[in-house]
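Novice:
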Amino acid sequence: MLFEDNVMEDKTYFLPNDQREYSHEEITALIFAGKLVKRSLIWEKSLPDWIYLGDFEDFAEIFKEYDREAEEKFKRAEGTDEETLQKREMKKMFENVSEEKIKTTTDWRYIFKWVALGILILIIPTVYYSITNLVKTSSIFELEEEETEKLNLRDLKYRSGLIKIDEVKGVAIQKIDKKEEDKILEEIILQMRKEDAAKEIKETKKEKKEQIAEKTASASLFDKVSDEELSAFRKSFLKKADSASTVKSAAAKDSSFAKGGQTELTSKQINTTIKKNYSTIRHCYERALKTDVGIRGRMEVTLHIIGNGKVAKVVNNTPRFKGTEMERCVNEMITGKWQFPRFEGTLTTVTIPFVLSAQ
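Residue numbering for the sequence shown is 16 to 374, as defined by this note's numbering.
Below you can see the structure in the form of structure tokens.
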């Protein structure tokens, strides 16, 4: 048992949206203070992902003790604990003794009792209405207090879909080599070809659809990307030496253009854009909750951002969200609505770990 306690003291724990490291003793204190419950998320370095605090073996005994104390408090509140029952028995015994004394009193006390009874009859209606109003007021206050406590502990935190950035993992800008970058750019070019061809077919009159479809198929538009096309695509985002003044002039007029001729986005620019578009991810999560109320946890996505600030590709890195409505909606929202500042480079790759929590 001593060895297990030492192991617990060496462990550090993390809470969502909190960069602080907590010890086993500190987490225990938060549990007994009512600030953490069994449905609270927690992470420790030996765990593969965030789990519920109530399912974590390190705190199983703590919750047993917490439940025992809670039961004792409930009994005291209801008046069914052993100490309260003993007090009631003592009070009843003294009342019985008092009744015996009353029976042995003189006649004048008997008369006084009837006089007092008459007075009580006169004031009973007033006392009755006063007590009734007081009880109603107290009941309303207790109900409001109980509801407030429930909201603070669980409902307020989980009543709807909440989206936060996993501050322990953090937003990370990925460094990739040229070979990997070329592969990503080829995929982007092929996807752009498909979208352009689909748009052309859609906008063309009915009698020309078959002709364009045959033309695109015979030309093998979607088979591969030549080195010349890849080079031209890369250069389209780079600042040309013979047009430096033109680029600077455009940058001065366009506030979305990254300053200083930088070749990739900065962490500040990325975080600002994420914060600005938080509502789109929350929309996706609340939409997904309508079909799957149990969807929660960490969803990590990688964004490939090209030089014009558009997100050309979104990759979901979390297997359990593959093929879900959440994945489809996030992909659609980020590629369609997110706009980063333009920069004089080809590609910026960033990974964002979202933490999803709901009741």
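Ideal Cβ placement from N, Cα and C applies to all residues, glycine included.
1. Assign T288 to one of two classes, buried (16 or more other C-beta atoms within 10 Å of its C-beta) or exposed (fewer than that).
2. Taking the alpha-carbon positions, what's the F127 to I134 distance?
3. Can you give the Cα-Cα distance for Q354 and N292, rounded to whole angstroms?
4. What is the DSSP secondary structure of Q101, reduced to helix, strand or coil?
5. Skipping 5 residues on each side, what residues in its chain have a beta carbon closer than 7 angstroms to that of E342?
6. Just mark E279 as buried or exposed, buried being the case when its beta carbon has 16 or more other beta carbons within 10 Å.
7. Rounded to the nearest angstrom, how far is the Cβ of T444 from that of R313, given a contact under 8 angstroms?
8. Looking at the secondary structure, which residues open and close the beta strand (DSSP E) in which I320 lies?
9. Give me the Cα-Cα distance between I296 and V329, rounded to the nearest whole angstrom.
10. Reducing DSSP to helix, strand and coil, say where A48 ends up.
11. Per DSSP, what are the beta-bridge partners of P368 in this structure?
12. In three-state DSSP terms, what is L200?
13. Return the chain-ordered ranges of every alpha helix (DSSP H) run that is complete within the stretch 284-359 and spans a minimum of 4 residues.
14. Whose C-alpha, out of N346, T363, K60, is nearest the C-alpha of K184?
15. Just confirm the distance between the C-beta atoms of Y28 and I46, as a whole number of angstroms; I'd bet it's less than 8 angstroms.
16. Buried or exposed: W123, going by 16 or more other Cβ atoms within 10 Å of its Cβ?
17. In the structure shown, what three-state DSSP assignment does I191 receive?
18. Does the separation of the CB atoms of I66 and I57 fall below 8 angstroms?
19. Taking buried to mean at least 16 other C-beta atoms within 10 Å of its own C-beta, is T363 buried or exposed?
20. Determine whether the beta carbon atoms of E301 and T366 lie at a separation below 8 angstroms.
21. What is the C-beta distance between G322 and G360, in whole angstroms, given that I count them as a contact (C-beta under 8 angstroms)?
22. In whole angstroms, what is the alpha-carbon distance linking S235 and E36?
23. Looking at the secondary structure, which residues open and close the beta strand (DSSP E) in which E59 lies?
24. For F74, report the span of its alpha helix (DSSP H) as first-last.
25. Does the distance from the CB of I204 to the CB of E243 come in under 8 angstroms?
26. Evaluate Q284 with the Cβ neighbour count: other Cβ atoms within 10 Å of its Cβ, from every protein chain shown; 16 or more gives buried, anything less gives exposed.
27. Less than 8 angstroms between C-beta atoms, sequence neighbours within five positions excluded: which residues of the same chain meet that for Q277?
Specialist: Well, looking at it:
1. Along the sequence shown, one-based indexing puts residue 288 at 273. It counts as buried.
2. On the sequence shown, position 112 is the one that residue 127 refers to. On the sequence shown, position 119 is the one that residue 134 refers to. F127 and I134: Cα-Cα distance of roughly 11 angstroms.
3. One-based indexing of the sequence shown puts residue 354 at position 339. One-based indexing of the sequence shown puts residue 292 at position 277. Distance between the alpha carbons of Q354 and N292 is about 9 angstroms.
4. Taking the sequence shown and counting its residues from 1, one reaches residue 101 at position 86. It is helical.
5. Position 327 of the sequence shown, counted from the first residue, corresponds to residue 342. Closer than 7 angstroms at the Cβ level, and outside the excluded window around E342, lie N331, F336.
6. Here residue 279 is taken as the residue at index 264 of the sequence shown, counted from 1. Buried, by the Cβ-count rule.
7. As displayed, the chain neither begins before 16 nor continues past 374, which places residue 444 out of reach and without an answer.
8. Residue mapping note: residue 320 aligns to position 305 of the sequence shown, counting from 1. I320 -> beta strand (DSSP E) spans 312-321.
9. Taking the first residue of the sequence shown as position 1, residue 296 is located at position 281. Taking the first residue of the sequence shown as position 1, residue 329 is located at position 314. Computed Cα separation, rounded: 13 angstroms.
10. Here residue 48 refers to the residue found at position 33 of the sequence shown. In this structure, A48 counts as coil in the three-state DSSP scheme.
11. For the purposes of this step, residue 368 is identified with residue 353 of the sequence shown, where counting begins at 1. Its beta-bridge partners are E315.
12. Position 185 of the sequence shown, counted from the first residue, corresponds to residue 200. Three-state result, L200: helix.
13. 293-304, 340-352
14. In the sequence shown, residue 184 corresponds to position 169, counting from 1. Per the Cα distances, K60.
15. By one-based count along the sequence shown, residue 28 stands at place 13. By one-based count along the sequence shown, residue 46 stands at place 31. That belief does not hold up - the Cβ atoms of Y28 and I46 are roughly 12 angstroms apart, past 8 angstroms.
16. For the purposes of this step, residue 123 is taken as residue 108 along the sequence shown, with counting starting at 1. The residue in question, W123, is exposed, as its Cβ has fewer than 16 Cβ neighbours within 10 Å.
17. To locate residue 191, count along the sequence shown from 1; it is residue 176. Three-state DSSP puts I191 in coil, outside helix and strand.
18. In the sequence shown, the residue the question calls residue 66 occupies position 51. In the sequence shown, the residue the question calls residue 57 occupies position 42. Contact: yes.
19. By one-based count along the sequence shown, residue 363 stands at place 348. The residue is buried, with at least 16 neighbouring Cβ atoms inside 10 Å.
20. Counted from its first residue, the sequence shown places residue 301 at position 286. Counted from its first residue, the sequence shown places residue 366 at position 351. No, the pair does not count as a contact, with Cβ atoms beyond the cut-off.
21. Walking along the sequence shown from the start, residue 322 turns up at place 307. Walking along the sequence shown from the start, residue 360 turns up at place 345. About 6 angstroms separates the two Cβ atoms, so the contact holds.
22. Here residue 235 refers to the residue found at position 220 of the sequence shown. Here residue 36 refers to the residue found at position 21 of the sequence shown. Since pLDDT at S235 reaches only 48, below the 50 mark, its modelled position is unreliable, and no value is offered.
23. Indexing the sequence shown from 1 puts residue 59 at position 44. Run containing E59: 56-59, per the beta strand (DSSP E) assignment.
24. Residue 74 sits at position 59 when you count from the first residue of the sequence shown. Segment: none, F74 is in no alpha helix (DSSP H) and carries neither H nor E.
25. Locating residue 204 in the sequence shown gives position 189, where the first residue counts as 1. Locating residue 243 in the sequence shown gives position 228, where the first residue counts as 1. Not a contact, by the Cβ cut-off of 8 angstroms.
26. Counting from one through the sequence shown, the residue named residue 284 turns up at place 269. It counts as buried.
27. Sequence index remark: in the sequence shown, residue 277 carries index 262 (1-based). Correct list, in chain order: F358, E359, G360.
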